[in-house]
Amino acid sequence: MKSQLVKALVAVAGLAALALPIKLVAQYPHYKLIDLGTFGGPNSFYASSPVVQSANNRGDVVGGAETSRMDPLAPNCSIISSNCQIVHAFEWRDGVRTDLGTLPGGNNSIAYWVSDSGLVFGNADDGGVDAVTGLQDFEGVVWKNGKILNIGTLGVNFVGPNAMNDRGQVVGIALNAIPDQFSFIGFGTQTRAFLWQGGVMLDLGTLGGPDGWASSINEEGVIAGWALVDSTPNPVTGQPTQHPFLWRDGTMVDLGTLGGTLAVVGSPNNGGSGGAINNRGQVVGTSNLAGDLIHHAFLWDRGELIDLNTLGGDNSEGWWINDSGQIVGRADLPGSQVHHAFLWQDGKMFDLGSSPDWPCSTAIDVNSRGQVIIDTGVCGVVGGPGLLWDHGKLYDLNALVSPNSGLAIGDVNFINDRGEIAATGVLPNGDQHAVLLVPASREEIASANALAVSGPASPRVETFTKDPENSLSSSRNRLLKMLRQTPRVP
Numbered sequence: 083m084k085s086q087l088v089k090a091l092v093a094v095a096g097l098a099a100l101a102l103p104i105k106l107v108a109q110y111p112h113y114k115l116i117d118l119g120t121f122g123g124p125n126s127f128y129a130s131s132p133v134v135q136s137a138n139n140r141g142d143v144v145g146g147a148e149t150s151r152m153d154p155l156a157p158n159c160s161i162i163s164s165n166c167q168i169v170h171a172f173e174w175r176d177g178v179r180t181d182l183g184t185l186p187g188g189n190n191s192i193a194y195w196v197s198d199s200g201l202v203f204g205n206a207d208d209g210g211v212d213a214v215t216g217l218q219d220f221e222g223v224v225w226k227n228g229k230i231l232n233i234g235t236l237g238v239n240f241v242g243p244n245a246m247n248d249r250g251q252v253v254g255i256a257l258n259a260i261p262d263q264f265s266f267i268g269f270g271t272q273t274r275a276f277l278w279q280g281g282v283m284l285d286l287g288t289l290g291g292p293d294g295w296a297s298s299i300n301e302e303g304v305i306a307g308w309a310l311v312d313s314t315p316n317p318v319t320g321q322p323t324q325h326p327f328l329w330r331d332g333t334m335v336d337l338g339t340l341g342g343t344l345a346v347v348g349s350p351n352n353g354g355s356g357g358a359i360n361n362r363g364q365v366v367g368t369s370n371l372a373g374d375l376i377h378h379a380f381l382w383d384r385g386e387l388i389d390l391n392t393l394g395g396d397n398s399e400g401w402w403i404n405d406s407g408q409i410v411g412r413a414d415l416p417g418s419q420v421h422h423a424f425l426w427q428d429g430k431m432f433d434l435g436s437s438p439d440w441p442c443s444t445a446i447d448v449n450s451r452g453q454v455i456i457d458t459g460v461c462g463v464v465g466g467p468g469l470l471w472d473h474g475k476l477y478d479l480n481a482l483v484s485p486n487s488g489l490a491i492g493d494v495n496f497i498n499d500r501g502e503i504a505a506t507g508v509l510p511n512g513d514q515h516a517v518l519l520v521p522a523s524r525e526e527i528a529s530a531n532a533l534a535v536s537g538p539a540s541p542r543v544e545t546f547t548k549d550p551e552n553s554l555s556s557s558r559n560r561l562l563k564m565l566r567q568t569p570r571v572p
């Protein structure tokens, strides 16, 4: 559930305007940084696959944090834990971090998504081991009013919730017990798309093949995902033909492809995206072109599948769409050795740029205000600082937080409509902490210096009170120092 590798970080600060060359930013927004801490272990984190809503529009935040205890079933650890250290789901609300606990008899849990109505979903184990997967039971759970509820299975104790709406409808994937050599999850049984509502888990079916995947759901209950249309492997992909779908009121509609035999809703390498469908019913995703050698981002809108093209290279991917129809993702530049974050709107794809030190970038999601959070890295490898693109300006998040925080901002996870950013902070020793960046005025930042947060193991609040005039050099020096530390491999 955590990033596959702690990112090596190098600070940058720059400006990317839609029609202007990149230049340095002179004016900075103001943020306070809230370190959400742990439950006694070294790390806390957000779920990163698929792209999920870890912070709602009320400012509530959810994730997972390690405890100081080791899993009693080690070395047969839950997949929630990367190092056999017990992990518990947390919720941070109004300055208080709460341990959401786990199922009776279980050890581990993690929260992925918090709705604006306050519902939380995630995964937890119950202390058992599933006979099919050979892993600790991986149960889908919902927390409501402080109570945990197991949402059930389709026959195998492996359930992966992917998205939720404010009505409490949850969609995701679940394994059944029917043998399947093409299983999306790889455990030898069928992977099925599900909808959970009213305490019942419904198998959504497929487009004719054995497997399906539900990635996103909007407030009307319309679901987007993908499914196999047959069981015949294709010569290039080695997999049966796979199409995106739209599911509404019991009917699954095939959205087609851009000519290839493989397409997904959202990112093809990140388990999809919880924001791949908006409340207008528009769907964004990624599809192979004819021949299955390259792929392009697409927009499905009122029955039409639109190729969003690229930034001059071969490939592109669509990750997230907001209710205004703005789409973000990444696209190759000429030569296809580098990809950049893009914003697509009004029929045009705009290059959002990247760091001078990290040539590749990926736009993770876009909020209702058009603010975009961006992940950077060596192309095809992890690395680089988290960035914020805000109406023509590109900021290194490390330049926007207190240099005294002791944390370097790497992975970005989610930005809500208030502009609050859930991200990963890396300590000098390589440990990771879930952090929240909260926009604030000078006056709010000054008062936050005396802010008291309550609850067990209270989070730490770090702020700055003046524009970081020399933040580029100071941030760079701080991150280069961290770069010399041995990276932690979670």
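Quick note on numbering: the sequence shown equals residues 83 to 572 in the working numbering. Backbone N, C-alpha and C fix where the C-beta goes; we use that ideal spot for every residue, glycine too. Predicted model only: the values in this text are computed from it and were never measured.
Residue closest to Asp374, alpha-carbon to alpha-carbon, out of Ser437, Pro322 and Arg384 = Pro322
For Ala93, which of helix, strand or coil comes out of DSSP?
-> Note that Ala93 scores a pLDDT of 25, beneath 50, so its modelled location is shaky; the value from the coordinates is reported in the next line. Coil.
Identify the residues that DSSP records as bridge partners of Thr215: which are they?
-> Paired residue(s): none; Thr215 is not in a bridge.
Can you find a heavy atom of the ligand MG that lies under 6 Å from the Cβ of Thr506?
-> This structure does not include the ligand MG; it has no bound ligands of any sort.
Which term fits Thr506, buried or exposed, when burial requires 16 or more other beta carbons within 10 angstroms of its beta carbon?
-> So Thr506 ends up on the buried side.
Rounded to whole angstroms, what's the CA-CA distance from Gly353 to His325? Just pull it up for me.
-> When rounded, the separation of the alpha-carbon atoms in Gly353 and His325 is 15 Å.
Find out if the Cβ-Cβ distance for the pair Arg179, Ile168 is shorter than 7 Å.
-> no
How many Å lie between Val211 and Asp219 at the Cα?
-> 5 Å
Kindly indicate which residue of Asn370, Gln135, Val144 and Asn139 has the alpha-carbon position closest to the one of Phe127.
-> That would be Val144, whose Cα lies nearest to the Cα of Phe127.
Is Arg330 near Val304, with beta carbons less than 7 Å apart?
-> yes
How would you label Gln263, buried or exposed, when you count the other beta carbons within 10 angstroms and need 16 or more for buried?
-> exposed
Could you tell me which residues DSSP puts in a beta bridge with Ser355?
-> Looking at the DSSP assignment, Ser355 forms a beta bridge with Val133.
CB contact flag (Pro243, Gln272, <7 Å) = With contacts defined as CB atoms closer than 7 Å, Pro243 and Gln272 fail to qualify as a contacting pair.
7 Å CB neighbourhood of Ala372 in its chain, flanking five on each side removed = Gly341 and Gly342
Lys226 to Ser197 span [Cα, whole Å] | 11 Å
Do Trp402 and Asp447 have their C-beta atoms closer together than 7 Å?
-> With respect to Asp447, Trp402 sits close: the two C-beta atoms are nearer than 7 Å.
Reduced DSSP category for Leu390 - H, G, I as helix; E, B as strand; rest coil = If DSSP states are grouped into helix, strand and coil, Leu390 belongs with the strands.
Assign Ser136 to one of two classes, buried (16 or more other C-beta atoms within 10 Å of its C-beta) or exposed (fewer than that).
-> buried
Quick one: Cα of Ile255 to Cα of Gly200, how far?
-> Rounded to the nearest angstrom, the two C-alpha atoms are 22 Å apart.
How close, in whole Å, do the beta carbons of Val238 and Ala259 come, if the pair is a contact with beta carbons under 8 Å?
-> 6 Å
Which residue from Pro467, Gly474, Lys430 and Phe380 puts its Cα closest to that of Asp493?
-> Pro467
Given a threshold of 16 other Cβ atoms within 10 Å of its Cβ, counted over all protein chains shown, does Gly216 qualify as buried or as exposed?
-> exposed
Determine the contact status of Ser398 and Phe380, defining contact as a CB-CB distance below 7 Å.
-> no
Host beta strand (DSSP E) of Phe276 (start-end) = Thr271 to Gln279
Which residues in the same chain as Ala245 place their Cβ atom closer than 6 Å to its Cβ, once the five residues preceding and following it in sequence are excluded?
-> Contacts found: Val253, Ser298, Ile299 and Gly356.
Could you give the residue range of the beta strand (DSSP E) that holds Tyr113?
-> Tyr113 to Asp117
Close Cβ partners of Pro103 (< 7 Å) along its chain, the five nearest in sequence each way excluded = In this prediction, Pro103 has a pLDDT of 30, which is less than 50 and means its spatial position is unreliable; what the coordinates show is noted afterwards. Closer than 7 Å at the Cβ level, and outside the excluded window around Pro103, lies no residue.
Should Val214 be flagged as near chain B, meaning a C-beta pair shorter than 7 Å?
-> Absent here is chain B; the protein component of the structure consists of one chain.
With C-beta atoms as the reference, is Gly394 less than 7 Å away from Gly411?
-> no
Quick one: Cα of Arg542 to Cα of Pro124, how far?
-> Residue placement at Arg542 cannot be trusted, given a pLDDT of 46 that sits under 50; what the coordinates show is reported in the next sentence. Their Cα atoms are separated by approximately 15 Å.
Can you check whether the CB of Leu118 is closer than 7 Å to the CB of Ala516?
-> yes
Which runs of the beta strand (DSSP E) spanning at least 3 residues fall entirely within the region 414-474, listed in chain order?
-> 421-427, 430-433, 442-448, 454-459 and 469-472
How big is the Cα-Cα spacing for His170 and Gly429?
-> Pairing His170 with Gly429, the inter-Cα distance amounts to about 44 Å.
Would DSSP call Leu479 helix, strand or coil?
-> helix
For Gly210, which of helix, strand or coil comes out of DSSP?
-> coil
Does the beta-carbon of Ala129 have 16 or more other beta-carbons within 10 angstroms, so that it is buried, or is it exposed?
-> buried
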